[in-house]
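Protein chains in written order, with the numbering used here: chain A, 1025 to 1505; chain B, 9 to 429; chain C, 35 to 155. Glycine included, C-beta positions come from ideal geometry on N, C-alpha and C. Computed from a prediction, not measured in an experiment: that's the story for all the values here. The block underneath contains the structure these notes are about, expressed in structure tokens.
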Amino acid sequence: MLYDVIIIGAGVTGSAVARELSRYKLNVCVLEKYEDVCCGTSKANSAIVHAGFDAAEGSLMAKMNVRGNVMMGDLARDLDIPFKRNGALVVCIHEEAKDGLQELYDRGIANGVKELRILNREECLEMEPNLSDNVVAALYAPTSGIICPFELNIAMAENAAMNGVDFFFNTEVEELHRDGEIWKLRTNNGEYKTRYVVNAAGLYADYFHNMVSAKKIHITPRRGDYCLLDKEVGGHVSCTIFPQPTKLGKGVLVSPTIHGNLIVGPTAVDIENKEGVNTTAAGIADLIAKANDHVRNLPIRKVITSFAGLRAHEDHHEFILGEVEDAPHFIDCAGIESPGLTSSPAIGEYIGGLMKDLMGLEEKEDWIATRKGVLHPGDLSLEERNELIKKNPAYGNIICRCEYVTEGEILDAIHRPLGARSLDGIKRRTRAGMGRCQAGFCTPRSMEILNRELGIPYEKLTKLGGRSTLLTGKSKEVEKE
Amino acid sequence: MKSYDIVIVGGGPAGLAAAVSARESGIESILILERDNELGGILNQCIHNGFGLHTFKEELTGPEYAYRFIEKVYELGIEYKLHTMVMDISHDKIVTAMNRTDGMFQIQAGAVILAMGCRERPRGALNIPGYRPAGIYSAGTAQRLVNIEGYMPGHEVVILGSGDIGLIMARRMTLEGATVKVVAELMPYSGGLKRNIVQCLDDFGIPLKLSHTVVDIEGRERVKAVTIARVENGKPVPGTEERYTCDTLLLSCGLIPENELSRSAGVEMSPITNGPVVNESLETNIPGVFACGNVLHVHDLVDYVSEEARKAGANAARYIKDGCKDAEAGQVIEIAATDGARYTVPSTINLDRMEDLLTVRFRVGAVYQNAFVSVYFDDERVQHRKKKIMAPGEMEQVILQKKKLAEHDGLKKITIKIEAE
Amino acid sequence: MEKRNLTCIGCPMGCQITVEFEGEEILSVKGNTCAIGDKYARNEVLHPERTVTSTVYISGGKLPRVPCKTASNIPKDKIFECMKVINHAAVKAPVKIGDVLVEDVAGTGVNVVATRNVEAV
């Protein structure tokens, strides 16, 4: 079959583009090398909806960031995902660095960021009593927000799927070339053909770009380590606390998450390995030290997990969006590093508009703009909850006891479009296993549900697809005989 | 709203013993709420032997030990609900719980006994660097998979932490055909029982590396190798790294009392035990809310859990029968742990409510050889007992006589210390 | 004369015991604090024994495995032979605590018995 558009990558960018393209009368598919959406850079980041004062004035990055921030409120409502504008403080702790705040402020205004203010020391401490004693002043950005990156990514992909976009997982593009008017993509699952290609391959966007263009680009994996802290201390700060930015990025932030944990990170280390998502002792020590510069009494002992993410850092620190000059019908979404999560809806919109003009697209009459998320019984009243359990007893059965996730939610996550097929898939959709015991208790139970519902044999169940099998076999010789 | 005299949260060894004891003390209206699909708690997966030497004077396996109590619960006709998760306990003892058949429901309890047990410290809380692939399990999760579900989590295993579950799993995995390459322990001593070191490691030639920790985990999808290194002053020593190829890392790095419900009910917690602060009746700061077993403080032997839970059950029964007696009325004596003793359970004694003999349990913070356990009544040393060996992995106890406390005029504070001589 | 250092497992004390022996004759036992220690040390040097606990495959039951133990100690050097038999054994539910699952395991004269009830489904 010949597709009109093939999108490489089901991260937050690819999914946003897929959703935008699903508005039109088009055959679109997404090829994803992992087993699920949201498996690369999209799943391991700060989960912040940035206000937009960081990026250089006039850059695509600034434009997408500010537009994405503005769009996020309506989008979150349409896609039924939690989002909160908790505000951000860029904290200055050295008198002599105060000018930097003014610079940020000015840049923010130039970028079109609303409601920015510079606060003095007293105002800062009144707002955030746990700021370091050394705080001198801060830039306050009330439009900054927090979101769940998994839910944003999943929701956009699900919505695209509802509107007819095909998703093929475990499908890795190995090579692509243009044959007449058609792009041919060789994958581990055979050849795919399309008129247009959207390159949303994250860390690998340079690989595909360079395959088709003489004008090379280069993306460096920039690793960031994070610590996630128990909900017990999620209220340590209420805004997202940033240090003043440096060349390497926005620095180590301390922020509540949308689900009430506290997140601390990231570090910034340029590496070679595009799969190098390992944390390091040095990295964790570094981020703890840095976070302590700006926030006092950081309850780091309450850490429940640490992880690392890779930003797709392009050499010029700018988003590359649009048709590649010497490769017709090949559209780049490359160099999408922070603020990529924030920008994703805007990138989707931008690419959607671009392709509409390029391809002369016609909108569908029956496009569905909204999607319902996994039902959370915790949000219901006692009566509503009992009504629900009466109808579906699975909602009365707690599987994850840390996050109080019921079997009903897990079944929902498995059986919805692009449903979960692994432990991490369940985790990202329901939070089962995301709590303080880190899946110690719910792992065997979630395995049982995956086995029962999808007929995946126990020995083939995985944590995150591929070869990440959870078990090596049964325990007794006699059962193998 | 339904009401019960005593609601017991948790149907493991502590909850079962508390229920039996409360019934034997004459309370009819008792309800046990258990989140798993059967009574017995973690004992059901602890299929090794070594339980019950104190309680039953014979060596039982975990399921056998549990069944002795489960049988009693059946015989006595004590009510229980399985698959039932307690969602909340309020300060005025309204228990909110949920299951598939009853939905979400509330119960007014006369007294509540907290018996939720503990959970294992996960990898994340240890900040172990490296990748996050499949094949990393807490020892208890692996134990459940192997012993109850009949699955092998891996073939080549490295274990971090020499807590008892880790040691037991080293043997279990070996017996089931896996190779356990090494057990690394951060501390300079093992947190596990001697018997387990001998019978689970030495018997199979599994090396125990003290003062070692995991410094790297390789493998993006499934564990491929684990690197351990020697630790000095809490820091890995560069150059001492040893890499073990393996497909599985099991963690046995400590247990954390599961007190989220207690905290939200407003129960005062000890930062040392991570369990409730209790008085001589094992009652928390909320009158009529009692705690026992691993939710109160992590025990070494289940026999002591049962003993403690029996007391909690009897005290809850007395609370129901005699009505709420003010714990603050009368002479309240504080118990302090210093000089090597880390904490005590209980931490206060109301002399009026104290029984003739009271067992005070505690743990030491380091290994002591030929040291003395001393008890001071205010400034006077009243007990001085030499012990050949004391280690953090094992619980210690002193027994206080009510008579002696009463004789000591105006006694304010009892101090338990470890002394060299 | 031979010398062995043992950790006593009789109780959580874990006494460090030193045994001096020659062939089948125990010359001295030192370091124990009670009679259990003395007995343990003598046995451990001359005839070490263990209880083996594991699981047996069960069909038609509420659980896929029934936990089991050797009804008494078996010689330590028979552990793996015993496990081989246990790993190949299969029983049918229902099973009650104490039911014999394997008779005379690995020629030790000791039975393997169930340590929990498993109801049939």
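With 16 other CB atoms within 10 Å as the buried threshold, where does residue i fall?
{"i": "R251/B", "result": "exposed"}
{"i": "P71/B", "result": "buried"}
{"i": "G338/B", "result": "exposed"}
{"i": "K1049/A", "result": "exposed"}
{"i": "S314/B", "result": "buried"}
{"i": "M117/C", "result": "buried"}
{"i": "L1406/A", "result": "exposed"}
{"i": "C1063/A", "result": "buried"}
{"i": "R1395/A", "result": "buried"}
{"i": "D1123/A", "result": "exposed"}
{"i": "R150/C", "result": "buried"}
{"i": "Y1374/A", "result": "buried"}
{"i": "H1242/A", "result": "exposed"}
{"i": "I1392/A", "result": "exposed"}
{"i": "I1206/A", "result": "exposed"}
{"i": "F1174/A", "result": "buried"}
Work out the CA separation of residue j and residue i for me, nearest whole Å.
{"i": "A123/B", "j": "G18/B", "result": "5 Å"}
{"i": "D111/C", "j": "T182/B", "result": "15 Å"}
{"i": "L1478/A", "j": "E1198/A", "result": "29 Å"}
{"i": "T281/B", "j": "R393/B", "result": "24 Å"}
{"i": "N378/B", "j": "K396/B", "result": "4 Å"}
{"i": "H1337/A", "j": "G1188/A", "result": "32 Å"}
{"i": "L419/B", "j": "D386/B", "result": "6 Å"}
{"i": "E1342/A", "j": "G1275/A", "result": "18 Å"}
{"i": "Y1129/A", "j": "A1086/A", "result": "14 Å"}
{"i": "P1280/A", "j": "N45/B", "result": "36 Å"}
Taking the beta strand (DSSP E) that residue i belongs to, which residues open and close that run?
{"i": "F1077/A", "result": "Element bounds for F1077/A: n/a, residue is neither H nor E."}
{"i": "Q116/B", "result": "111 to 122"}
{"i": "C1148/A", "result": "Segment 1145 to 1151 is the alpha helix (DSSP H) holding C1148/A; no beta strand (DSSP E) there."}
{"i": "N107/B", "result": "102 to 107"}
{"i": "R238/B", "result": "233 to 240"}
Roughly how far, in whole angstroms, is the beta-carbon of residue i from the beta-carbon of residue j, given that I think they are within contact range, below 8 Å?
{"i": "D224/B", "j": "P284/B", "result": "With a Cβ gap of about 38 Å, D224/B and P284/B do not count as contacting."}
{"i": "R238/B", "j": "S219/B", "result": "6 Å"}
{"i": "R1460/A", "j": "H1353/A", "result": "Their Cβ separation, rounded to whole angstroms, is 49 Å, which puts R1460/A and H1353/A out of contact at 8 Å."}
{"i": "M9/B", "j": "I115/B", "result": "7 Å"}
{"i": "A1332/A", "j": "Y1250/A", "result": "7 Å"}
{"i": "Q409/B", "j": "D364/B", "result": "7 Å"}
{"i": "G1372/A", "j": "A1040/A", "result": "3 Å"}
With distances taken from CA atoms, which of the options is nearest residue i?
{"i": "E79/B", "options": "V94/B, V206/B, F113/B, L24/B", "result": "L24/B"}
{"i": "G1402/A", "options": "H1283/A, L1494/A, K1380/A, E1056/A", "result": "H1283/A"}
{"i": "E1427/A", "options": "H1400/A, S1446/A, S1405/A, K1138/A", "result": "H1400/A"}
{"i": "H307/B", "options": "G174/B, D13/B, G262/B, N45/B", "result": "G262/B"}
{"i": "A1112/A", "options": "L1140/A, L1099/A, A1134/A", "result": "L1140/A"}
{"i": "G1097/A", "options": "A1075/A, Q1268/A, N1416/A, I1031/A", "result": "A1075/A"}
{"i": "A154/C", "options": "D133/C, Y74/C, V129/C", "result": "V129/C"}
{"i": "E1081/A", "options": "E1059/A, G1132/A, M1095/A", "result": "G1132/A"}
{"i": "L61/C", "options": "K37/C, N107/C, V86/C, A127/C", "result": "K37/C"}
{"i": "V190/B", "options": "M95/B, V234/B, C54/B, R230/B", "result": "V234/B"}
{"i": "R1425/A", "options": "F1077/A, C1466/A, R1445/A", "result": "C1466/A"}
{"i": "I407/B", "options": "S382/B, A399/B, E427/B", "result": "S382/B"}
{"i": "A74/B", "options": "V222/B, N45/B, L51/B", "result": "L51/B"}
{"i": "V188/B", "options": "A320/B, T423/B, E415/B, M160/B", "result": "M160/B"}
{"i": "D330/B", "options": "A317/B, T352/B, K319/B, R361/B", "result": "R361/B"}
{"i": "S1368/A", "options": "I1178/A, L1125/A, V1236/A, V1159/A", "result": "I1178/A"}
{"i": "V303/B", "options": "I264/B, F212/B, E193/B", "result": "I264/B"}
Between which two residues does the alpha helix (DSSP H) carrying residue i extend?
{"i": "M117/C", "result": "113 to 122"}
{"i": "S1039/A", "result": "1036 to 1045"}
{"i": "F1232/A", "result": "1229 to 1236"}
{"i": "R1425/A", "result": "Unbroken run through R1425/A: none, as it is neither H nor E."}
{"i": "D82/B", "result": "Here the sequence assigns Tyr to residue 82/B, which means Asp is not the residue at that position. Segment 70 to 83, the alpha helix (DSSP H) holding Y82/B."}
{"i": "Q1126/A", "result": "1122 to 1135"}
{"i": "T248/B", "result": "Note, T248/B: premise wrong, no alpha helix (DSSP H); not H, not E."}
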